[in-house]
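Residues 5 to 206 in our numbering are what the sequence shown lists, from first letter to last. Where a beta carbon is used, it is the ideal one built from N, C-alpha and C, also for glycine. Keep in mind it's a predicted model, so treat the numbers as computed, not measured.
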Amino acid sequence: MVRYPEHEIAAEPARTVMERLRDEDQSQRDQGLPVEARTRNVTAPTGLFLYSLVRTIQPGLIVEIGSSTAYSTIWMALAARAHGGRIVGSEILADRAAEANRNLLQAGVSEIATVETGDGSDIAAMHETIDMVFLDAEKDDYPRHFGNVVERVRPGGLILTDNVTSHDCRALLEMIRARDDVITQTIPFERGLEYTVTLQQS
Ligand SMILES: C[S@@+](CC[C@H](N)C(=O)[O-])C[C@H]1O[C@@H](n2cnc3c(N)ncnc32)[C@H](O)[C@@H]1O
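Here's what the structure looks like:
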C-alpha cells in the first residue's frame with residue numbers, strides 16, 4: 005500500500021502516473037523479465053522519503069543519475085515545486101528518457117523536471133553548483149559517478165545513493181569512507197540509502 009501525502013497530492017494527475025509506473029514495475033518483476041528490460045523504479049516508501057527530504061532541505065538544483073521512467077523524478081518534482089527548485093534527470097537509454105519526459109508532462113511537473121538522454125556524469129558536468137544528487141544508475145558505475153559529481157555539489161549539499169544494501173556496493177562505500185571531505189552514513193531503509201553530506205573544502 006502506497007502512502008501518499010494525501011493533503012498535498014491526493015488530487016494530483018501525478019498520482020495516476022505514479023500508480024501506473026508502480027504497476028508496470030511490479031508486472032515486469034512478476035513476469036521475471038531480465039534486469040535490463042525492467043524499469044527498476046524506487047519503492048514507493050523510498051519515493052515518499054525523497055519527497056520528504058526535498059521538502060525539508062529545499063535544494064535549488066537536483067541532479068538525478070539514472071531516471072528510468074521518472075518515477076523517483078516525479079516524487080522529487082512534486083516536492084521541489086513547493087520551493088521553486090528544479091531537477092535535471094538523466095537516462096542513458098533514449099527511448100526510456102523520452103518515456104520519462106512524457107510521464108513528467110502527464111504528471112504536470114515538466115516545468116520543474118526534465119530527463120536528458122546520456123550518461124549521468126556527463127549531464128552533471130554541465131552544472132557548476134548542484135545542491136543534491138540522487139544516484140540510482142548501474143551499481144558498478146557508482147564509484148565513477150560519485151567521483152565525478154562530488155566536486156560539483158556545494159558544501160552542505162547531499163548525495164543520496166540507492167541500493168547500497170540490496171546490492172554489493174562495497175567499492176563505492178569504501179571509496180566514500182576514505183574521503184575526509186564528506187560525512188556519510190548508510191540508512192538501512194528499503195533497499196539501503198547512502199546519505200552523504202559534502203563539507204567545505206579546506
Ligand atoms: C534503477 S533504474 C532508475 C530508477 C529511477 N530512479 C526511478 O526510481 O524511477 C536505473 C536506470 O539508470 C539507467 N542508466 C544506466 N547507466 C546510466 C548512466 N551512465 N547514466 C544515466 N542513466 C543510466 C538505466 O538505463 C536505468 O533506466
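Exercise. Between the stretch 125 to 137 and the stretch 64 to 73, do at least 3 Cβ pairs fall closer than 8 angstroms?
Worked result: yes
Exercise. Would the beta-carbon of R19 be found less than 7 angstroms away from any heavy atom of ligand 1?
Worked result: Here residue 19 refers to the residue found at position 15 of the sequence shown. Not so, every heavy atom of ligand 1 lies at least 7 angstroms from the Cβ.
For this session: Would you identify the three-state DSSP class for D27, choosing helix, strand or coil?
Result: Walking along the sequence shown from the start, residue 27 turns up at place 23. Helix at D27.
For this session: Examine ligand 1 and report whether any of its heavy atoms sits within less than 7 angstroms of the Cβ of V157.
Result: For the purposes of this step, residue 157 is identified with residue 153 of the sequence shown, where counting begins at 1. No - ligand 1 has no heavy atom lying nearer than 7 angstroms to the Cβ of V157.
For this session: Give the DSSP bridge partners of A117, in chain order.
Result: In the sequence shown, the residue the question calls residue 117 occupies position 113. DSSP, once it has assigned bridges, lists I91 as partnering A117.
Exercise. Should D172 be counted as a contact of ligand 1 given a C-beta to heavy atom distance under 7 angstroms?
Worked result: On the sequence shown, residue 172 is found 168 positions in, with the first residue counted as 1. No.
Exercise. So does the stretch 48 to 60 actually touch the stretch 146 to 157, counting three or more Cβ pairs closer than 8 angstroms?
Worked result: no
Exercise. Closest to R156 by CA distance: which of K143, L82, A129 is it?
Worked result: One-based indexing of the sequence shown puts residue 156 at position 152. Comparing Cα positions, the closest option is A129.
Problem set entry | Exposed unless 16 or more other CB atoms sit within 10 angstroms - verdict on L25 | Position 21 of the sequence shown holds residue 25. It is buried - the Cβ of L25 has at least 16 other Cβ atoms within 10 Å.
Exercise. Any idea what DSSP makes of G196, helix, strand or coil?
Worked result: For the purposes of this step, residue 196 is taken as the residue at position 192 of the sequence shown. Coil, per DSSP.
For this session: Let me know the secondary structure DSSP gives T165 once reduced to three states.
Result: As a working mapping, residue 165 is identified with position 161 in the sequence shown. Three-state DSSP puts T165 in a strand.
Problem set entry | Assigned exposure category for A15 - 16 Cβ within 10 Å defines buried | By 1-based counting over the sequence shown, the position of residue 15 is 11. Under this definition A15 is an exposed residue.
Problem set entry | Endpoints, beta strand (DSSP E) assigned at I187 | Residue numbering aside, residue 187 sits at position 183 when the sequence shown is read from its first letter. It spans 186 to 191 - the beta strand (DSSP E) in which I187 sits, taken as one unbroken run.
Exercise. Hey, T73 and N45 are a contact pair by Cβ (cut 8 angstroms); roughly how many whole angstroms apart?
Worked result: Translated into the one-based positions of the sequence shown, residue 73 becomes position 69. Translated into the one-based positions of the sequence shown, residue 45 becomes position 41. T73 to N45, Cβ: 7 angstroms. Contact.
Problem set entry | Sheet register partners of I69 (DSSP bridge) | Along the sequence shown, one-based indexing puts residue 69 at 65. According to DSSP, which records beta bridges pairwise, I69 is partnered with L139.
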